[in-house]
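Asker:
Residue numbers (full-length UniProt numbering), protein chains in the order written: chain S, 1 to 284; chain V, 1 to 284; chain L, 1 to 284.
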């Protein structure tokens, strides 16, 4: 299947589709990766031989670090994806909602950094299991002068409680897997060397259930309707994205090393330092 | 009071009713146990001398392992209970809702295994405190080819968040008390040797409160209305229960040792092994 | 600014207002403290130079132990504050809601005891970080013969789940910071010697965000509307406050040492002992 999806490695084993995200250098959520994931989800939607989808990363350090920041200079890059977005959802929200409403059971196996749109992907999945030693989750958008625009405000507000959602959304700091577990963001934090075996066993067990069981369970615990909130989220995001601060932070961030391994490993500091400098300038 | 309730040992001390479930060999939730619990709840409903009800088990290994699986061969056994179920609720949902809407404070002291309908009972109670060493909670229904039909999908969906609810409902694995606490399923996990003293003190303190306080607190934090969800849950459950897989798993499970101590202690493996064999058969 | 607020010490540094509650001997939430906090919140509401408000206590043992119990003998003391309460809210609910709806980010740094109306204040703030060693949270109202009347039933019912909310509301016992974190009541429990640095860094980082980001995030995750529940809470509280038990417990509690340091450090025992005696009296 892999030739179909330039950024994914897909394999199917006894009802479990293992989808490994492989979009070097750091798995940025760009148009190609979004296109590939959506294409895959759509293709298997009606395929009863696929019962569980496990997403993981080919990169030991990064799951998805955030949405492609070059969007700032190519605002039309996502236009094709936007054509397929359901009424009332922007292209990033539509991406999360496609994951959240997939009929199969979706599981994220998280062993690296997931930030911004990558963290939204994680949260949209049905379940997430994360490495205690290596996983990090963050909504880093505020450090780019914006708020999340792909579902995080609604997903986290609903799942974490407003107190913790605001801390994550406004603090911008990464949390480790044990904190994410305590906050209810993910299902569980597991020792790195147990993560594969735990997720594999769970996925296989679920895939082996009698016909109809997965659908019945997902129907009995439907995804909460968040439509009103998405409009509010989009307005907040779009309003900020149009301001000079966001432009300077995103373009400046790219110049300073975002999208490179070194830059991404210290992205929070990189953006905070940049903002300190920008604020000090006459027209900052 | 005990003669009234063949499966319960009831004692009252300073406003606290201690209800010990004693339905050998393993405390299966059968017609008699359901009848006794409902009869007890109804009897004390208007009794202002009973303020707190603490449920525990006479069996050190089992609280309630699940609903009586012989239901598969005696579908009319629950007919009498069904006559008393409120409009829109099946007999198992009506059981949970009777617990959840009891005017007294209901507390489960959990020191053994509670699965399926037994776990639904636990979740329906106002509070649960569980032994770190001995308590286990599971929704094991999927291993019988069905989804829960007595409230678990709604209770867990509402209390745990969809990510953890789906893990519990579809994974079918038991979780220990510390995991159940982290997931918000129960109030607290406590060391086994502190459980009795903790619950006794709390129950006694609540029972000693001035008149009207318990009712005021419960009125100010009403049980969430889940009626729409119960219909959805029932349809999912009933649709699967009518399929051959459920019949084979439940009847086959009984033949392999369910309802016996040995079988119940390894029920998950017993059912998974059975399903592997059934799937391997020509008409499996 | 301090002369304006007899019970507060206010300082502003780079967008962070540090508000230290200083109302000796034990920081009781009396008319003056409520008035000062409301006056401060109103004053800075439109002040864009204030972005984050951090509340802490000048008293190492007490944040706010509860509402002024002498209210029992001065029922008109709060009349002036009541005039400013929004339609449908009593004066204590209006206080919590003023905190909860403040446009700035509100953070409580908790290193002592917060009970009753003090705990409601904590819960109404956007975020709370608490000392593992020193913080304690409790809704102690039931030990005074009443249920909370300033938002706790609604805030906790919504945030903690009904099982844990009822435990806190009816048990009346203090919980430590780690339990409060596990219950989702607060954001995090931190070692006492890390608390200041953690909160200061977070507050400063949030205050340094580009214009509009805080408002956008708070708009995208709005405070849940709890208006129906406030009416229910008020009725429960007011009904109990009018009964002889509450009067005896509150007045008797004051006679036994409430509002003094020694009495407040053992308030739960003091009130339980008093109630045991009152119940033993002919007209108790």
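Idealized CB from N, CA, C, for every residue including glycine.
Going by other Cβ atoms of all chains shown within 10 Å of its Cβ, with 16 needed for buried, is residue 76 (chain V) buried or exposed?
Answerer: Result: exposed.
Asker: Which one of L:230, L:141, L:88 and L:157 has the shortest CA to CA distance from residue 173 (chain L)?
Answerer: Looking at the Cα atoms, L:141 is the closest of the given residues.
Asker: Round the Cβ separation of residue 323 (chain V) and residue 152 (chain V) to the nearest angstrom and send it over; I've been treating them as touching at under 8 Å.
Answerer: Chain V is shown only over 1 to 284; residue 323 (chain V) falls outside these bounds and no answer can be derived.
Asker: Out of L:217, L:240 and L:131, which has the shortest C-alpha to C-alpha gap to residue 56 (chain L)?
Answerer: That would be L:131, whose Cα lies nearest to the Cα of residue 56 (chain L).
Asker: Shortest alpha-carbon distance to residue 136 (chain S) belongs to which of S:62, S:184 and S:69?
Answerer: Residue S:62 is the option with its Cα nearest to residue 136 (chain S).
Asker: Per the DSSP calculation, residue 218 (chain S) is bridged to which residue(s)?
Answerer: DSSP output for residue 218 (chain S) lists no bridge partner at all.
Asker: Starting from residue 29 (chain S), follow the alpha helix (DSSP H) in both directions and report where the run begins and ends.
Answerer: Where residue 29 (chain S) is concerned, there is no enclosing alpha helix (DSSP H), given that its DSSP letter is neither H nor E.
Asker: Would you call residue 260 (chain V) buried or exposed, if buried means 16 or more other Cβ atoms sit within 10 Å of its Cβ?
Answerer: Exposed, because fewer than 16 other Cβ atoms sit within 10 Å of the Cβ of residue 260 (chain V).
Asker: Might you give, ordered along the chain, the residues of its own chain that have their beta carbon closer than 6 Å to the beta carbon of residue 15 (chain S), omitting 5 neighbours on each side?
Answerer: Excluding residues within five positions, the ones whose Cβ falls inside 6 Å are 51 and 207.
Asker: In chain order, what residues of the same chain lie with their CB nearer than 8 Å to the CB of residue 187 (chain S), ignoring the 5 residues before and after it?
Answerer: 127, 128, 129 and 181.
Asker: Return the chain-ordered list of same chain residues with a C-beta closer than 6 Å to the C-beta of residue 169 (chain V), the five sequence neighbours on each side being excluded.
Answerer: Around residue 169 (chain V): 139.
Asker: Using a Cβ-Cβ distance under 8 Å, would residue 262 (chain S) count as near chain L?
Answerer: No, because no Cβ of chain L sits closer than 8 Å to the Cβ of residue 262 (chain S).
Asker: What distance in whole Å lies between the Cβ atoms of residue 99 (chain V) and residue 58 (chain V), which are believed to be in contact at a cut-off of 8 Å?
Answerer: Rounded, the Cβ-Cβ distance is 19 Å, inconsistent with contact.
Asker: Relative to the alpha-carbon of residue 113 (chain S), which residue among S:6, S:26, S:249 and S:252 has its alpha-carbon at the smallest distance?
Answerer: If we check each option's Cα against that of residue 113 (chain S), S:26 comes out closest.
Asker: Compare the beta carbon distance of residue 221 (chain L) and residue 54 (chain L) with 8 Å and say whether it is the shorter of the two.
Answerer: For residue 221 (chain L) and residue 54 (chain L), no; Cβs fall outside 8 Å.
Asker: Alpha carbon to alpha carbon, how far is residue 154 (chain V) from residue 88 (chain V)? Give it in angstroms, no decimals.
Answerer: Rounded to whole angstroms, residue 88 (chain V) to residue 154 (chain V) spans 14 Å at the Cα level.
Asker: Which of the three DSSP states is assigned to residue 78 (chain V) in this structure?
Answerer: In this structure, residue 78 (chain V) counts as coil in the three-state DSSP scheme.
Asker: Could you tell me whether any Cβ in chain S is nearer than 8 Å to the Cβ of residue 163 (chain V)?
Answerer: Answer yes: the Cβ-Cβ gap between residue 163 (chain V) and chain S drops below 8 Å somewhere.
Asker: Compare the beta carbon distance of residue 270 (chain S) and residue 257 (chain S) with 8 Å and say whether it is the shorter of the two.
Answerer: For residue 270 (chain S) and residue 257 (chain S), yes; Cβs fall inside 8 Å.
Asker: Would you list the residues sitting across from residue 189 (chain L) in a DSSP beta bridge?
Answerer: According to DSSP, residue 189 (chain L) bridges with L:130.
Asker: Grouping DSSP H, G and I as helix and E and B as strand, with all else coil, what is residue 284 (chain S)?
Answerer: Any reading at residue 284 (chain S) is ruled out, since the residue's pLDDT is 47, under 50, leaving its predicted position unreliable.
Asker: Report, in whole angstroms, the separation of the C-beta atoms of residue 21 (chain S) and residue 35 (chain S), which I expect to be a contact under 8 Å.
Answerer: Incorrect: roughly 13 Å between the Cβ atoms, too far for contact.
Asker: Quick one: does residue 38 (chain V) have its CB under 8 Å from some CB of chain S?
Answerer: For residue 38 (chain V), the answer is no, since every Cβ of chain S falls outside 8 Å of its Cβ.
Asker: Let me see if you follow: with CB-CB separation under 8 Å, is residue 116 (chain L) close to chain V or not?
Answerer: No, residue 116 (chain L) does not count as interfacial toward chain V.
Asker: Can you give me the start and stop residues for the alpha helix (DSSP H) that residue 106 (chain L) sits inside?
Answerer: Where residue 106 (chain L) is concerned, there is no enclosing alpha helix (DSSP H), although the beta strand (DSSP E) it sits in stretches over 105-110.
Asker: Find the residues of chain L that neighbour residue 13 (chain V), judging by a C-beta separation of less than 9 Å, and give them in chain order.
Answerer: Neighbours of residue 13 (chain V) on chain L: none; closest Cβ ~16 Å, over 9 Å.
Asker: Sort S:243, S:171, S:264 and S:204 by Cα distance to residue 107 (chain S) and report the nearest one.
Answerer: The residue with the shortest Cα to Cα distance from residue 107 (chain S) is S:204.
Asker: Start and end of the beta strand (DSSP E) containing residue 53 (chain L)?
Answerer: First-last of the beta strand (DSSP E) with residue 53 (chain L): 52-57.
Asker: Comparing alpha-carbon positions, which option in S:266, S:273, S:238 and S:278 lies nearest residue 72 (chain S)?
Answerer: Per the Cα distances, S:238.
Asker: Looking at residue 240 (chain L): is its Cβ nearer than 8 Å to the Cβ of residue 246 (chain L)?
Answerer: Yes. Within cutoff.
Asker: Can you tell me which of L:11, L:223 and L:102 puts its alpha carbon nearest to the alpha carbon of residue 38 (chain L)?
Answerer: Ranking L:11, L:223 and L:102 by Cα distance to residue 38 (chain L) puts L:102 first.
Asker: Between the C-alpha atoms of residue 11 (chain S) and residue 3 (chain S), what's the straight-line distance to the nearest angstrom?
Answerer: The straight-line gap from Cα to Cα measures roughly 12 Å.
Asker: Apart from the five residues on each side of it in sequence, which residues of its chain come closer than 6 Å, Cβ to Cβ, to residue 85 (chain L)?
Answerer: The residues are 91 and 94.
Asker: Contact defined as beta carbons within less than 8 Å: I believe residue 242 (chain V) pairs with residue 192 (chain V). What is the distance between those atoms, to the nearest angstrom?
Answerer: That belief does not hold up - the Cβ atoms of residue 242 (chain V) and residue 192 (chain V) are roughly 41 Å apart, past 8 Å.
Asker: Can you pull the DSSP bridge partners for residue 18 (chain V)?
Answerer: BP columns for residue 18 (chain V) point to V:11 and V:54.
Asker: DSSP three-state call for residue 209 (chain S): helix, strand or coil?
Answerer: Residue 209 (chain S) falls in the coil class under three-state DSSP.
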